[in-house]
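Novice: First, the structure itself, so that you have it in front of you.
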Amino acid sequence: MLDALYSSGVNGACIQQTTGIQNLRVLDYLNTKVALPPLHEQHRIAAYLDASCAAIDAAVSAKRRQLDTLDALRKSIIQRAITRGVAPDAALEPTGNVWMEQIPRGWKLVALKRIAEIRGGLTLGKQYEGELIERPYLRVGNVQDGHLDLADVSVIELPASVAAGVELRPNDVLMTEGGDLDKLGRGHLWRGEIAGCLHQNHIFAVRCFAHKLKPMFLAYATAAQYGRDYFEATGKKTTNLANTNATKVGQFPIPLPPLAEQEAICAYLDEKTAEVNRITATITAQIDTLIAYRKSLIHECVTGQRRVTEADVAAIA
């Protein structure tokens, strides 16, 4: 019965929206008519769906474990390349730094503030006078793990002089200042996707010194395991949120090979992570297909579009 109600969409049709809260119109819900087969057929349908859905759920769980494995592999690939390079037999030397005790010989371990400018963003809620212009700006929610989500970009009105100070440039690395603990400091390369875009103060725009640090190398460093460990350990935690600050971002240790080697490492990681991303996308699509099939199967069985026989139950058991 429960499957029948959800499959028919009755609950959705009987929901009413109040200020920020959804409520169910109980009388409408209880007066809804649903297809009701004989009791013995209900038992047969329920047994078939229990077994079928359990098999589908097991397949989905297995594929989600595959996604977890791929995510761990991606982080491992990035960690290895960023902290050791791509040469299999690189000689290492100690650094004396707790976050990275060894680096390849010839590299340096440098605080980010020495090789990049860390720029704060726009403080919202200010009242401006005079002539204003409208500009788009990025929020923390736009900077996701490994990609930008630009489907919903906010706009703000402000003086042109204020906008100029917080306007993003291509090759800025966006680093998040607040949110969930595991999201602190995650970085993504800005390629100028939106002209004249600004960033709010919960996102740092890190502008790398071109003769020292490749922006994409920094973006990969923030995704490496040592980067995640650094920001999780140094972040300030509150009840529901966590945050970092410009000082902690500036102290983030960067393993610094020569520029040519940075480029080679980034090219290697571009290729390897693209391969992982392709496999991830395939498995994600398979999960979506399984979930859609589960819903369709329930709907067909409980509405009588698909008749379930004893042979069906025996075959799936």
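Just add 204 to wherever you are in the sequence shown, counting from 1, and you've got our numbering. Heads up, the beta-carbon is just placed ideally off N, CA and C, and yes, glycines get one too.
When the Cα atoms are used, what is the spatial distance from arginine 482 to histidine 247?
Specialist: Rounded to whole angstroms, arginine 482 to histidine 247 spans 42 angstroms at the Cα level.
Novice: How long is the line joining the alpha carbons of arginine 475 and threonine 513, rounded to whole angstroms?
Specialist: According to the sequence as given, residue 475 is glutamate; it is not arginine. Whole-angstrom Cα-Cα distance: 51 angstroms.
Novice: Please report the straight-line C-alpha distance between threonine 477 and aspartate 376, rounded to a whole angstrom.
Specialist: Distance between the alpha carbons of threonine 477 and aspartate 376 is about 21 angstroms.
Novice: Taking methionine 379 as the reference, give the member of Leu342, Ile487 and Leu274 with the closest Cα.
Specialist: Checking every option, the nearest Cα to that of methionine 379 belongs to Leu342.
Novice: Return helix, strand or coil for glutamine 509, following the three-state DSSP convention.
Specialist: The answer is coil: DSSP assigns glutamine 509 none of H, G, I, E or B.
Novice: Would DSSP call valine 162 helix, strand or coil?
Specialist: Only positions 205 to 521 of the chain appear in the structure, and residue 162 is not among them; the question remains open.
Novice: Would you call leucine 231 buried or exposed, if buried means 16 or more other Cβ atoms sit within 10 Å of its Cβ?
Specialist: Classification for leucine 231: exposed.
Novice: If you drop the 5 nearest sequence neighbours on each side, which residues of the same chain put their C-beta closer than 6 angstroms to that of lysine 452?
Specialist: Contacts found: Thr438.
Novice: Identify the continuous alpha helix (DSSP H) that holds valine 453 and give its terminal residues.
Specialist: Start and end: 450 to 455.
Novice: How would you write the range of the alpha helix (DSSP H) that lysine 387 sits in, first residue to last?
Specialist: Note, lysine 387: premise wrong, no alpha helix (DSSP H); not H, not E.
Novice: Exposed or buried, what is phenylalanine 456 when buried is set at 16 or more other beta-carbons lying within 10 Å of its beta-carbon?
Specialist: By the neighbour-count rule (16 or more Cβ atoms within 10 Å), phenylalanine 456 is buried.
Novice: In angstroms with no decimal places, state the Cα-to-Cα distance between alanine 368 and cysteine 401.
Specialist: Rounded to whole angstroms, alanine 368 to cysteine 401 spans 10 angstroms at the Cα level.
Novice: Taking the alpha-carbon positions, what's the alanine 496 to tryptophan 394 distance?
Specialist: The alpha-carbon atoms of alanine 496 and tryptophan 394 are separated by roughly 35 angstroms.
Novice: For glutamine 181 and isoleucine 502, what's the separation of their Cα atoms in angstroms?
Specialist: The requested residue 181 does not occur in the structure, where the chain is confined to residues 205 to 521.
Novice: Please give me, in chain order, every unbroken run of the alpha helix (DSSP H) with length at least 4 that falls completely inside the segment 243 to 306.
Specialist: Those alpha helix (DSSP H) runs which fall completely within the segment 243 to 306 and span 4+ residues are 243 to 288.
Novice: Check whether the segment 424 to 441 touches the segment 284 to 294, taking contact to mean three or more Cβ pairs, one atom from each stretch, closer than 8 angstroms.
Specialist: Touching, yes, given that three or more Cβ pairs across the two stretches are closer than 8 angstroms.
Novice: Taking the alpha-carbon of alanine 519 as reference, which of Asp356, Asp254 and Pro242 has the nearest alpha-carbon?
Specialist: For the residues Asp356, Asp254 and Pro242, the minimum Cα distance to alanine 519 belongs to Asp254.
Novice: From the DSSP output, in three-state form, read off arginine 323 for me.
Specialist: Of the three classes helix, strand and coil, the one that applies to arginine 323 here is strand, per DSSP.
Novice: Spatial neighbours of asparagine 405 within its chain, please: C-beta separation below 8 angstroms, excluding the five flanking residues on both sides.
Specialist: If we look at asparagine 405 and ignore the five residues flanking it on each side, its Cβ neighbours are Gly324, Gly325, Leu326, Thr327, Leu328 and Glu381.
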